[in-house]
Amino acid sequence: MNEEETQAPVAKTTDTQPTETETEQKNVAKTEDGVKSEQSTQITTPVKPDPTSKLEQPKKLADVVPTSLVWISGMVGSRQIDCAGPIELPFALTKPEWPYTMIAPNPAYTNQVFDYDAGVWVATDAKSQGQQITDLTKQVAKLNQDSVKHDQVAEQSQKMVMQQMQMLTAINTKLDKLTKDGDK
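Structure below.
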């Protein structure tokens, strides 16, 4: 057999999956003078977008209707629920309405219920009540310090008023003396 007949074009194989947007294929061919040369041809393969990469985010309830972020404290049905939440309701609240409140619970307390009349969270377990007593003790100490400062300021004011009264009395006495001397 002739050497020219045995050599057919040879294709260089690549992976079965196309790269990016193009794959390249090279053919080996013989030129007129018998020298082998490589010729490359471009084959374009369109790549479809990955359908899983562009997942649409589901809409939030707040995007559709006005909502309120609330905590539950009170009887719901036949169950007592204390300090459950936050929960997003599909309607807007402007003030606490039983059993919902927009006021966040105190993170220092573990078990608490909401007092709708006073508008505050109240601790119910011993540990939280101990924390509440500690907080109240700190507030009393601060109020005592403020009271002492207020008393000091009040004393200074009273001393200044007494000095002013003494000066006014002395001025009035001298003024009376001058007016009596001027009448003679």
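Residues in the sequence shown are numbered from 11 upward in steps of one, following the working numbering. Backbone N, C-alpha and C fix where the C-beta goes; we use that ideal spot for every residue, glycine too.
> Mapping DSSP to helix, strand and coil, what is Asp92?
Replying inline: strand
> Whose CA, out of Ser83, Leu103, Gln90, lies closest to the CA of Thr77?
Replying inline: Leu103
> For Asp135, which residues of its own chain have a beta-carbon under 7 angstroms away from its beta-carbon, when the five flanking residues on both sides are left out?
Replying inline: Thr120, Asn121
>> If you reduce the DSSP assignment to three classes, tell me which class Gln67 lands in.
In response: coil
> Name the DSSP beta bridge partners of Trp81, please?
Replying inline: Thr111
> Should Pro115 be labelled buried (16 or more other beta-carbon atoms within 10 Å of its own) or exposed?
Replying inline: buried
>> In whole angstroms, give me the CA-to-CA distance for Lys105 and Leu79.
In response: 12 angstroms
>> Our contact map puts Ile91 next to Tyr110 with C-beta atoms below 8 angstroms; I'd like the distance itself, whole angstroms only.
In response: 11 angstroms between Cβ atoms; not a contact.
> If you check the beta carbons only, do Gln141 and Ala118 fall under 8 angstroms apart?
Replying inline: Their beta carbons are under 8 angstroms apart, which means Gln141 touches Ala118 by this criterion.
>> According to DSSP, Val150 sits in a beta bridge with which residue or residues?
In response: DSSP output for Val150 lists no bridge partner at all.
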